[in-house]
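Here the structure comes first, spelled out in structure tokens, and everything after it is commentary.
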Ligand code: SF4
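Right, here's the structure in full:
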């Protein structure tokens, strides 16, 4: 049975991305086209911390998730896990990452093998890494089922015999069986009924408290991560628009895109309700990553845009007061904050 080989020092950065990029080639051989899915993302995750990554569909958050767990190889930047550069290298060199960083997938209907029993699914990571005897694997599987609120007596059943929420619990049990210290949760509740979403989020919060496992929790809705995340990173078209402590982001959003996402959250869940205006409402569709806008990628949809926004890319920076508590990629962040966005 796996036992923890990780010391969990809350000050330690367990996973760090620096300038991570990923570009895909599409189109025909004669007319190849590049899609910039992730365009230079920096983020860090401390032991036991939950980082929420939020953005619309197509903003690159799932590609980022796959790079963080080693399923996708970045074509630029570095990924450091527990002090070791795991960006590239042979299969063998990335064993460290695969053991310590596990993924919870978005769709519990397709991420479980329908021909395997639940016991086999949960024990599979132990079997494929030749860990423990069959008896100890069975004990560990029972322990994981109990941890996620299911019964060991369900081990012989198949995925189709479970509800969507239960299947996601099985996926969570499988992700924890090797005792990882980081979970990458790729929209783990978006395929579930609203009524069970909160149960799964609460389960993950309990697991973080009990096991001290750090998480990157990806969502397209800020309200999903509000009560779970210690920090939030807002992504727009492959780049981080704003990142900071969850409370700061919710109470005083600085980037116009964060303000727009927050204006879509039910009013009773945000303190900033009186300070957001119609100018903050998000309009238009996200531009295609095939042809991202020049300068600030948000400028065609931004109600605050000026001429420089269309020509100069804003870097992620620590702004001045009154929003100095976060990093934001906007030329006019201080001005927008001081204006109270009265429109
Ligand atoms: Fe809007 Fe300009 Fe800020 Fe981009 S840099 S978010 S376009 S004000």
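Numbering (our numbering), first residue to last: 72 to 414.
Where is the CB? At the ideal position from N, CA and C, for every residue including glycine.
{"Asked": "Neighbouring residues (CB closer than 7 Å to any heavy atom of the ligand SF4)", "Found": "326, 327, 328, 367, 369, 370, 373, 375, 376, 377, 380, 385, 401, 402, 403, 404, 407"}
{"Asked": "The beta strand (DSSP E) enclosing residue 179, as first and last residue numbers", "Found": "No beta strand (DSSP E) holds residue 179; DSSP gives it neither H nor E."}
{"Asked": "Pick from 154, 228, 386, 357 that is closest to residue 131, judged by C-alpha positions", "Found": "357"}
{"Asked": "Stretch pair the region 214-226 + the region 147-155: three plus CB contacts closer than 8 Å", "Found": "no"}
{"Asked": "Close-in-space but distant-in-sequence residues of the same chain around residue 129 (CB under 7 Å, 5 per side omitted)", "Found": "357, 360"}
{"Asked": "Rounded straight-line distance, which links the Cα of residue 388 to that of residue 233", "Found": "46 Å"}
{"Asked": "Whole-Å CB distance - residue 261 paired with residue 175, under 8 Å assumed", "Found": "Incorrect: roughly 12 Å between the Cβ atoms, too far for contact."}
{"Asked": "Residue 394 versus residue 383 - alpha carbon distance", "Found": "22 Å"}
{"Asked": "Cβ-based neighbour list, residue 205, same chain, cut-off 7 Å, excluding 5 preceding and 5 following", "Found": "none"}
{"Asked": "Among 119, 101, 315, 109, the one whose alpha carbon lies nearest that of residue 83", "Found": "119"}
{"Asked": "Helix, strand or coil at residue 394 [DSSP, three-state]", "Found": "coil"}
{"Asked": "Contact belief for residue 329 with residue 316 at Cβ below 8 Å, rounded distance in angstroms", "Found": "Between residue 316 and residue 329 the Cβ distance is about 13 Å, and since that is not below 8 Å, they are no contact."}
{"Asked": "Exposure label - residue 381; buried when at least 16 CB within 10 Å", "Found": "exposed"}
{"Asked": "Residues bridged to residue 132 [DSSP beta-bridge criterion]", "Found": "For residue 132, which the question treats as bridged, DSSP gives no partner whatsoever."}
{"Asked": "Nearest neighbour of residue 182, chosen from 240, 108, 279, 391 [CA to CA]", "Found": "240"}
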